[in-house]
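Asks: Residue numbers (my numbering), protein chains in the order written: chain A, 10 to 264; chain B, 284 to 1123; chain C, 592 to 965. Ideal Cβ placement from N, Cα and C applies to all residues, glycine included. Here it is: the structure, laid out below.
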Amino acid sequence: MARDGIVPSTLNGVKAADPGMPTIESPPALSFENVSKTFLVSGDIPLAALRHVSFRIPQGRKVAIIGRSGSGKSTLLHLSAGIEWPTEGAIRLMGRDLAGLGDRERTLLRRETVGLVFQFFNLLSHLSVRDNVLLPAWIASDLGPAAASRAEELLARVGLAGRLDDPIRKLSGGEMQRVAICRALLRRPKLLLADEPTGSLDDENGRVVMEQLLSLSSQEKTTLVYVTHSPELAALADETWTLHSGLLELTGGRH
Amino acid sequence: MQFFLGGLIARIRSSRALFVLTLLGVALGVASVLSIQILNRSALGAFQGSVRAVGGEADLTVSPRGPFLPEECFPRILGQSGVASAWPVIRSQVALQGKEPIFLELVGLDLFAPRRIPWKSPPREFSQALSVPGWVAVTPTLAERMGWTVGQGFAVTLGSRRLRLQVGALVDFQKLAPLASSRLVVLDIAQAQTLLARPGEIDQVEIRLKPGANAAKTADRIRAAVGELAKVETPEERRDQAQELLGAFRLNLTALSLISLFVGAFLVYSSTLASLVRRRAEFGLMRSLGAMRGQVFRIIVGEVLLLGGLGVALGIPLGYAAARANMGSVSATLSNLYLLEEVESLKVSPATLALAALLGIGGALLGALAPAIEMSRKDHRTLLTGSTLRPVAGTTARPIFLAGVLLLGGVALWYAGPGHRWKPGGFILGIAVLLALPLIAPVVLGSGTGRLRVQSFSFAYGARSLSRSLGITSVAVAALAVAVCMLVGITVMIGSFRRTLELWIGSTIRADVYVSSESWSRSRGQAGLDPQTLETLATRDEVRSMDRLRQTFTECGGRRVSVIGVDMGLSGGESRFVLMEGRPREALRRARESGAILVGEPLARKGGWKVGDRLPIRTPFGEESLTISGIYFDYGSVQGSVAMDLAKFEKMFGQGPINTVALYMKPGADSERLVDQLLTALPDRGLQIRSNRALRDRILSIFEETFAVTRLLQAMSLIIAACGITLTLLVLAQERISELALYRALGASRPQIFRVFLGKGMALAVFGIGMGSAGGLVLALILVYGINRAYFGWTLALHFPTLALAGEALLLFSAAMLASLYPAVRASRTPATELSRDDL
Amino acid sequence: MTISRKLLRALLAGIVSLLCAVAWRAVKPGYAWAFPRDHWAHPEFRTEWWYFTGILQDVANPEQRFGYQFTLFRVGLLPEKPNLNSRWATRHLLMGHAAVGDFGTGRHHFSDLLYREIPMLSGFGTYPEARIAWSLAPAGTVGSWELMWNGEAFDFRMRDDERGMAGDLSTHPQKPLVFQGPGGISRKGAEDEVASFYYSFTRLATLGTLALGGRTMSVRGVSWMDHEFSTSQLQKDQVGWDWFAMRLIDGRDLMLYVLRHSSGGADFRRGTLVSAAGEARFLTAGEWSIRSTSTWESPHTGCRYPSGWALEVPAEDLELEIEPILQDQENVCRRSANLHYWEGAVRLLSKGRTPAGEGYVELTGYGKNNRPPL
C-alpha cells in the first residue's frame, strides 16, 4: 500500500483518522514531534538515523514498526525509552517531555512507565526464571510479596508456572522471550517497547510468542510498540508503520 | 611487529586506567624487591668495603677470641711460612661532637710497614705520623664534609675522654673499596694505642699470603702459633659471618618484598584476564582467519612482556628511591642492633638490576600465563559467539580450595612434627599460610557472597553478584588477603615485641638517671668514664646509690657476645634482670658469692644453655668456665649477652674503666633537673646523660626505627592490593557492561549502579580483610613463637595491638572504598545502549 | 717594621730554635773515633748502614762461585723517641737487604725486609753487647737477621725461606780498617755538611755457610765491609751515585764514588786507594777518570743502568776495564716502595784483558723517582 506525503502528514493523518483518540486529560502514551537523530560516525561523519519523525500513539494502541536493519528502528525505540535523546524535536512519554528531564528523572520515568523486550532476551543467566522477572522490582526497591505474586501470575499466564526456579540456561528460546516479556510487564508499564521480540526465534515459536505478547498487553491494557521485519507479525498490530532510511510512513492498520 | 605495536597502543589508549594500574602494580612489586636487594647488598658491601679498606687485599685475618689480641702474638704470626706480609690493626669508634654525633672509626695501623695506602695527599714527612700528637689521616669525603684541611685540629670523645686529633694527610679508601666508609680515620698504631689507652692490645692482624701459598695450611700454622687466643679466617668466612649475623634481618625483608611482587602478579593476572575478555572476539576472528594457537599465545605473551618491561623500567628508579629513603633507618638498625658498619652509599650492581628485571617480567608472565593459555586453547567459535571467559569458575574453585586446605594442613602437620626443629621451618609454614589464602579465596568468596540475602538493588546486590565472576574477583580478594595477612601478622608481631619490650624496660630500667658516653653505643667496652666523672656523679647530694657497669666482647661457648659486669649486690638490683629461668635472689647471690653468671635469652637459646651448665668464657689470659645461675630476658642484642659480678669481671678481664652508670636518687629528688645540672657540670666529655624516661623513649625509638623498612614494605603491598581492587572493579564494569546496560534499561538509576559497585568493592574489601586478618593472626603466631625464636632467640608475649589493628582495618577499608570510587563512577555512567547480543 | 714586630719575630725565631734543639747531628770534622765502640749504631745521625759485599766459593766445589751482599740500614725517623704509651713508638726503621749472585747459574737472588725498630721486631745493640743490629726475618720466615761483633770483625746471618736464601758468615780482617776520607769524613758534595762518616775493611777473610734453593754449602771467600753514617748524604740536586769497591790482584784496593747531578752528569767524586800494606791515599777528582762503556736495561724495572766501565788512574799507572760478572744483579725491593738499584760483582781486566781483580759496584738513583730518600 503506497501513500503520498511526508511524515508530518502521517501524524496528522493518524490524528484525523482516530476520532476515539483520548482527550487532553489522557495524553498519548508516546508522542514524537519532528524528531531527528543524527549519529556521528567515525568521529565526524553525520549519519541520520531518524529524520523529522512525528507521531502520537494513544494509550492502549498496538503499533508495529517494520523496517530493514539500519532503518532506525532501534533508535526509535531507544529514544522512546529515554535511553537516548534526540538531536532535535520533542518526545513525550505519557505526556511528559523527556527533554526537560535529567538522567535521574528519565530513569525513574522509564522504570515506572516503560517495559522493554529485546531481540536477544537479555536475561541474567545467574538468576532463576523468577528472579529474572523480579529484576525490575529489585531495581525499584519494591520487592514485596505483591511483586512476587505478580511475577508468579505473569509466568503462569505464559505457561511457565512450573519453571519458576529453573536456571535460565534450561529454557528454550521461546521460553526465554516469554520470561523477558513477563519481566517487562512486572511493573505494569504504560508502554511496552519490544525490539524484534521474535528475531531470535524460529517462525513457529515467533508466532506463539508474538501472540502472547499481544494478548498480554491487551490484558494489561498496555500500549505496545514493537519492531519486526515480518509483515505477517506486523499485521497483528492495530497499525503498522514502516521505517525507511529514517523516515516513517503509515503503511497499514486495522483502523 | 608494527601491527602488533599499533594494536597495542590503541588498546592501551582504550583502557588507560587498567594499563596504568597494572603497570603500577608491577612497578611497585619490582621496586619493593629491588629496594630491599639494594639495601641488603649495600649493607654487606659496607661491611666488606671497610674490611677491604682496612685489610687491603688481606687473605687471612687473625682476630681475638677474647676481648683483644695481645700484641706479642704479632711476631709469631709474621714468621709463619706462607705469610708474605702481616700488619696489626687496632680500632675503635669515637664520637665527633655535633648536632648528631658522627662516629669516626679510628683505625690504628703500622704506617711504616710495607703496604699500600691510597694516599690522596700524602704526608709531607711520614715521621709526623709519630711525632705530631693526634696525627691522623682522614678521607677526602670527611674532610670536605667537615671543612677540614691538612694541619687542622679537631676533638673527638671516647668514653668521657676528649682526644685531640690533627688532620695530617688525606687517604682515599674509597679508591680501594668504593663502599668503604668515609668515616675511616687512619693513624699510626703507636698513636692509636696511646690515644685509646690500650697499650699492648691489638684487635686484628691482617695477613697477605705469598703467591701459591695454601691458605688453609697457613691458617693452621698460624693457629698453632697463636694458640687459643685467636681465630684465623679468610675474608669469605668473615663475610659469611656478617651475612649469617644479618641473615634473619635480610630474610625477613626479602620475604616481605617478595610479597609485594606476589601481590603484583595477581594484578597482572587480573588485567591480562580483563584485556583478553575484551578482545575475545578479536582473537576469535584471528583464529577463524587461520591464526594458530601459538600465534595467539605469542601475541598475548608479547604484550605481557612489554608490560613487565615497562614495569621494570618504572620500578627500578622507584626501588632506588625507596632504598635511598630507607638507607638511614637500615643503617641505624645495623649499627644499633648488630654493631656493624653504617651504610653510607648504595650499591647497585648489574646483577641486582638483572634480578629485579627477571622478577618483574617473570612475575608478569606468571600472572598472565593461565589466562593466555586458556585463551589460546579456546576454539574460535567459542570466542566469536562469546560466552565470557571464566577460569576458576565454580567447578574449579572446589578442587583449588581442597588443595589449599591440604597444603596448609600438610605443612602444619609437618611443622608440628619435625618441621619446627628446622630453623627455616617457621618460614615454610608462614609461606604455606600465604599460599593457602589465594587457594581458598574463590570458595570462601563464592559461598560467602552467594549466601547474602539481598533486599534491594544496592550494595548487597553488588556484593552478591561477585560470586559470579570468581575468576577475577577472587584474585582481588586473594591479593588483598595476602597483603592484609602480612600486615596483620607483622603488626601483631611488632605489637607483641613492643609490648614485651615496654614491660621489660618497665622492670629493668629502674634507676633515675643513666650516664654513658656518645661513643659507648659503638665502642662499648672501650668507651670508659674517667674516675673524675664517676666521682662527680657519686658525690652528688641527690644520689643515693650508683650502679656501675663494665662491658666487653668475648667468645662465650663459641659465640662472640657481650659480657657485662655489674654490682650483683646492689640493693634492689634484682629488678635489673627479669629471669626466665632461675630464682632472682638466688641467682644474683650466687653470681656475687661464687662467681656464677647470668645468661641472656638469645645466647641461651642459640647455644642451648640451661641453668646449672658451665659456660666457657674466653679472657685475655685464657678460658674460664662459669656456672649459669639464671637466664634472663634480653632484648638488647641479637647475639646475646652474659652478666657477672663486677668484681668477677675485673678478675677475669683485668682493670678497666666503667662504661656506664645508673644513678638511684634519694626520694623526692628531681631527675630531669639532675640531668641538666650534670650536663652543665661535666661539659665536653661526650657524655650521654639521660633520665629514666628519656632512656626508655630512646630504646623505643631505636625499636621503631628497626621496623621502619618493614612498614614501608607493608605500605607498598597494600597499595598494590588497593590497585587490585580498583582494577578488578574496572574489569567488572567493562566485562559486565551489557548487564549494566540492561539494568539501566530496566530503570536502574546511576546512583543505584554506583551503590551496586561500591557494594562490590566493599565486599572485596571485607572478604580480603577478613581472610587476611584470619591468616594474619595465624601468621602472627608463627612469627612470634616460631620464626622470631628460631632466628633471634627472643621470647615475645603475644599481644594484640587492638587499636592499631582496628585502625589498620579502618584504613584498609577506607582505602578499598576509595579504590572502588572510580570504577563505581565509571560503571554508573554505562549507557543503556550498550545492550549486548550476548546472553548475560 | 715596628719594634713590637721585631720582637715578635725574634721571639718566634727563639721558639723555633728551641723546638729544633732536638735535631739530627751533622757530620763535622773533629769526630773522636773510638773502636770498637764506633762499629755500633750512631742514632744521633739520621742514616747509617753496615755494608758487606764479597765473592765466595763452595768449599766442596771451588768452581762454584757466588757474589753476595748483606746490608743493614738504620733509617732515622725522628731525632728523639716520641712520647707515646705504646711499644710501637719508635724513632727508627731497620731495613735489611741481602743478595746472592750465582755465577754458575747466572741467577741473582735478593731478599729485603723493613721493620720499625721496636723490641718486638728489630733493634740496634749498644757497645759492649755483641749484637750490633738485628731484625726478624722477612714475613714467612722464622728466625732473624743479625750482625754481631766477633772481637776482630763481624759475624752476620740472614734467612729468607720464601726466597730459599740463607747465609751465616764470619769474617776476619786481612787488612786493617781504613777511613774513606780525611778524619773518616767522606764528602758527597760542595756543601760542607753533605758528608758521611765512612770507614771500611777492604779485605775480610770470610767463612761460613750459604744456602741457596735448598742446598747448603760451606763457603769461603773475601768480603769488603763499609760502615757509613750521616745526616745528609745527598745534596738536593743530586739523584744518586755510582760506587766502586775493587780488590786488585796486586794487593791494592780501590774505592771510588761518583755523585750524579739531576742533569745526568757527575756532580762530585772522590776515591781512596789502599796499598797492599793497608795505607790509604785519598784521590781527588782530578786524579782519576771513569767512563761507562756499555749499558744494560733491566727487564724487571725497565731501568737502564751503565754496565761496563773504563777506568784510569794515571798517577798510579792503573788502566782497568770493569765488567759485571752477571748482567742482571739488580735489587728490586719488595718491602720499600719504588726502591731498586744495581749492586753486583764485577771482574777487573787490565790491558790485554788479563784478570786484574774483582770487586763490587753499586748504582743508585737510576730510573724515574728513584732518588734514595737520604
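(1) Please say whether residue 689 of chain C and residue 665 of chain C have beta carbons closer to each other than 8 Å?
(2) On the DSSP bridge list, what partners appear for residue 832 of chain C?
(3) Does residue 731 of chain C have its Cβ less than 8 Å from a Cβ in chain B?
(4) Count the other CB atoms, across all protein chains shown, that sit within 10 Å of the CB of residue 612 of chain C; report buried if there are 16 or more and exposed otherwise.
(5) Would you check if the segment 861–875 of chain B and the segment 902–920 of chain B touch, i.e. whether three or more CB-CB distances between them fall below 8 Å?
(6) Please report the distance separating the alpha-carbon of residue 693 of chain C from that of residue 422 of chain B.
(7) Just how far apart, CA to CA, sit residue 31 of chain A and residue 93 of chain A?
(8) What ranges does the beta strand (DSSP E) occupy inside the segment 844–919 of chain C, keeping only unbroken runs of at least 3 residues that lie completely in it?
(9) Taking only beta-carbon atoms, is residue 510 of chain B less than 8 Å away from chain C?
(10) Between residue 844 of chain C and the rest of its own chain, which residues show a CB-CB distance below 6 Å, the 5 nearest in sequence each way excluded?
(11) Taking 8 Å as the threshold (beta carbon to beta carbon), is residue 725 of chain C in contact with chain B?
(12) 8 Å is my cut-off, CB to CB: does residue 1042 of chain B come that close to chain A?
(13) Measure the C-alpha to C-alpha separation of residue 136 of chain A and residue 1045 of chain B and round it to an integer number of angstroms.
(14) Taking Cβ positions, are residue 721 of chain B and residue 765 of chain B nearer each other than 8 Å?
(15) Taking Cβ-Cβ distances shorter than 8 Å, what residues in chain A pair up with residue 1022 of chain B?
(16) Could you tell me if residue 141 of chain A is buried or exposed, where buried requires 16 or more neighbouring beta carbons within 10 angstroms of its beta carbon?
(17) Kindly identify the DSSP beta-bridge partner or partners of residue 751 of chain C.
(18) If contacts are defined as beta-carbon pairs under 8 Å, then residue 195 of chain A and residue 159 of chain A qualify, I think. What distance do you get, rounded to the angstrom?
(19) May I have a chain-ordered list of the beta strand (DSSP E) segments no shorter than 3 residues that lie completely inside the segment 938–995 of chain B?
(20) Show which residues of chain B have a CB atom less than 8 Å away from the CB atom of residue 705 of chain C.
(21) Could you check where the beta strand (DSSP E) with residue 951 of chain C kicks off and where it finishes?
(22) Span of the alpha helix (DSSP H) holding residue 1052 of chain B?
(23) Using CA atoms only, rank isn't needed, just tell me which of B/789, B/350, B/1112 and B/1105 is closest to residue 301 of chain B.
(24) Residue 882 of chain C to residue 825 of chain C, Cα distance in whole Å?
(25) Quick check on the DSSP output: the beta strand (DSSP E) that includes residue 509 of chain B runs from which residue to which?
(26) Identify every residue that forms a DSSP beta bridge with residue 550 of chain B.
(27) With 8 Å as the limit, tell me which residues of the segment 1002–1032 of chain B have their beta carbon closer than that to any beta carbon of chain A; keep them in chain order.
(28) Keeping to the same chain, check which residues put their C-beta closer than 6 Å to that of residue 759 of chain B; ignore five residues upstream and five downstream.
(29) So that I know if they touch, is there some Cβ in chain B lying closer than 8 Å to that of residue 930 of chain C?
(30) Within 10 Å of its beta-carbon, does residue 875 of chain C have 16 or more other beta-carbons around it, so buried, or fewer, so exposed?
(31) In the DSSP output, what is residue 251 of chain A paired with across the bridge?
(32) From residue 1193 of chain B to residue 1092 of chain B, what does the alpha carbon distance come to, in whole angstroms?
(33) Do residue 584 of chain B and residue 648 of chain B have their beta-carbon atoms positioned less than 8 Å apart in this structure?
(34) Find out if the Cβ-Cβ distance for the pair residue 829 of chain C, residue 847 of chain C is shorter than 8 Å.
(35) If you count every other CB in all the chains shown that lies within 10 Å of the CB of residue 50 of chain A, and 16 or more means buried, which is it?
Replies: In this structure, then:
(1) No, Cβ-Cβ distance for residue 665 of chain C and residue 689 of chain C is not below 8 Å.
(2) Paired residue(s): C/850.
(3) So, interface residue.
(4) Reliability of the predicted coordinates at residue 612 of chain C is poor, the pLDDT of 46 falling under 50, and the value obtained from them is presented with this limitation in mind. Counting the other Cβ atoms within 10 Å of the Cβ of residue 612 of chain C gives fewer than 16, which makes it exposed.
(5) Touching, per the Cβ criterion.
(6) Distance between residue 693 of chain C and residue 422 of chain B, taken at the CA atoms: about 47 Å.
(7) Per-residue confidence for residue 31 of chain A stands at a pLDDT of 46, beneath the threshold of 50, marking its modelled position as unreliable; the derived number appears in the next sentence. If I take the Cα positions, the gap works out to 27 Å.
(8) Assignment of beta strand (DSSP E) within the segment 844–919 of chain C, counting only whole runs of 3 or more residues, yields 844–852, 857–865, 871–874, 880–883, 886–888, 895–897, 900–904 and 909–915 in chain order.
(9) Not closer than 8 Å to any Cβ of chain C, the Cβ of residue 510 of chain B fails to qualify, so no.
(10) Within the same chain, 793, 838 and 865 come within 6 Å of residue 844 of chain C by CB-CB distance, once the 5 residues on both sides are set aside.
(11) Any Cβ of chain B closer than 8 Å to the Cβ of residue 725 of chain C would place that residue at the interface, and such an atom is absent.
(12) Residue contact with chain A for residue 1042 of chain B: absent (no Cβ-Cβ distance below 8 Å to any residue of chain A).
(13) So the alpha carbons of these two residues sit roughly 22 Å apart.
(14) Cβ atoms of residue 721 of chain B and residue 765 of chain B: closer than 8 Å.
(15) Result: 133.
(16) Buried is the call here.
(17) Residue 751 of chain C is bridged by DSSP to C/756.
(18) At roughly 6 Å, the Cβ-Cβ gap stays under 8 Å, so residue 195 of chain A and residue 159 of chain A are in contact.
(19) If you keep only unbroken beta strand (DSSP E) runs of at least 3 residues inside the segment 938–995 of chain B, you get 943–948 and 970–974.
(20) Chain B residues near residue 705 of chain C: 395, 396 and 397.
(21) Residues 945–954.
(22) Segment 1033–1064, the alpha helix (DSSP H) holding residue 1052 of chain B.
(23) Out of B/789, B/350, B/1112 and B/1105, B/1105 has the C-alpha closest to the C-alpha of residue 301 of chain B.
(24) Their backbone Cα atoms lie some 22 Å apart in a straight line.
(25) According to the DSSP assignment, residue 509 of chain B belongs to no beta strand (DSSP E) but to the alpha helix (DSSP H) extending over 498–509.
(26) Paired residue(s): none; residue 550 of chain B is not in a bridge.
(27) Under the 8 Å Cβ criterion, the segment 1002–1032 of chain B contributes 1021, 1022, 1025, 1026, 1027, 1028, 1029, 1030, 1031 and 1032.
(28) These residues qualify, in order along the chain: 1007, 1008, 1011 and 1047.
(29) Output row for residue 930 of chain C: interface = no.
(30) Per the 10 Å Cβ criterion, exposed.
(31) Its beta-bridge partners are A/75 and A/258.
(32) Shown here, chain B extends from 284 to 1123; a query on residue 1193 of chain B therefore has no answer.
(33) Remark: C-beta atoms of residue 648 of chain B and residue 584 of chain B approach each other more closely than 8 Å.
(34) Judged by beta-carbon spacing, residue 847 of chain C lies beyond the 8 Å limit of residue 829 of chain C, meaning their Cβ atoms are not closer than that value.
(35) Exposed, by the Cβ-count rule.
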